[in-house]
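Residue numbers (our numbering), protein chains in the order written: chain A, 1 to 109; chain B, 1001 to 1114.
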Amino acid sequence: KQEVTQIPAALSVPEGENLVLNCSFTDSAIYNLQWFRQDPGKGLTSLLLIQSSQREQTSGRLNASLDKSSGRSTLYIAASQPGDSATYLCAVWGNMLTFGGGTRLMVKP
Amino acid sequence: KAGVTQTPRYLIKTRGQQVTLSCSPISGHRSVSWYQQTPGQGLQFLFEYFSETQRNKGNFPGRFSGRQFSNSRSEMNVSTLELGDSALYLCASSLVQSFSYEQYFGPGTRLTVT
């Protein structure tokens, strides 16, 4: 059974800092990995999708990497802003989409 | 292009009742998946529909069921509601059967069971 873990569970940083969110998964037989953002009480917004054959994806200030063999992915956020405050979730596609518990990020002005 | 829409957005039901939630995918998307989100269990996969057929199912009791119509709209039904069914129910759509393609989520339906 696939298990996805995200560390840390919560993070508070001052504005402008670069930060890294971590995601690990137990079964490396995945099709892809997707990072999402969730604002309180809202649905999920897709940030980046990395296919299993890819090593990384970039979108603006976001960069996600994937190391399938070690079962790890990282989401790098450059020059963080207060508007980045949200919960960040990673999810892996095996035979179903399995989510991590999320990292709750607070960026202070 | 309009996003994924879910109705209703909020719902309050009594234990023992049944409820039906609706999801309209992004135009052209043929796959719809449903998820339950609770503070204790996080986000859990319920089931996925593609071309009106259930393709995949998570580990939920038979009280949870769904269907998909020919226009790709999907409904989820929960019978004999329990207090533990209180959750945010999210649906997601993707272009084709989901594992290769990006999932786009709706805003969710917040179900409260009293």
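Note that beta-carbon positions come from the ideal geometry of N, C-alpha and C, so glycine has one too. Only a predicted model underlies this, so the values are computations on that prediction, with no experimental measurement involved.
At what residue ranges does the stretch 59-91 of chain A contain a whole run of the alpha helix (DSSP H), taking only runs of 4 or more?
none
Which residue's Cα is closest to the Cα of P1008 (chain B): B:G1066, B:M1076, B:Q1044?
B:M1076
Buried or exposed (CB count within 10 angstroms, at least 16 for buried), Q1132 (chain B):
Coverage of chain B is limited to positions 1001 through 1114, which leaves residue 1132 (chain B) absent and any answer about it impossible.
List, in order along the chain, the chain A residues whose C-beta lies closer than 8 Å to that of S1104 (chain B)?
Before going on, a small fix: residue 1104 (chain B) reads as Tyr here, not Ser. Near Y1104 (chain B) (Cβ distances below 8 Å), the residues of chain A are S46.
Residue from A:G60, A:P8, A:E56 whose Cα sits closest to the Cα of I77 (chain A)
A:G60
Which of the residues in the stretch 10-43 of chain A, read from start to end, lie with their CB under 8 Å from any CB of chain B?
Y31, N32, Q34, F36, G41, K42, G43
For P1107 (chain B), return the contacting residues in chain A, with the cut-off set at a CB-CB distance below 8 Å.
K42, G43
By DSSP's criteria, Y1049 (chain B) is part of a beta bridge. Which residues make up the other side?
B:V1032, B:Q1054
Relative to the C-alpha of A10 (chain A), which candidate in A:R104, A:K108, A:P109 has its C-alpha closest?
A:R104
Contact set for N22 (chain A): own chain, Cβ-Cβ below 6 Å, skip 5 residues either direction
I7, T74
Nearest to G954 (chain B) by CA position, among A:N95, A:I50, A:C90, A:K108, is which residue?
With chain B running from 1001 to 1114 in the structure shown, residue 954 (chain B) is simply not present.
Let me see if you follow: with CB-CB separation under 8 Å, is G1042 (chain B) close to chain A or not?
yes
Given D1085 (chain B), which residues of its chain have a CB within under 7 Å of its CB, disregarding the five upstream and five downstream residues?
V1078, L1111, V1113
Kindly indicate if chain B contains any beta-carbon less than 8 Å away from that of G101 (chain A).
yes
Smallest Cα separation from K108 (chain A): which of A:L66, A:E3, A:Q81, A:G94?
A:Q81
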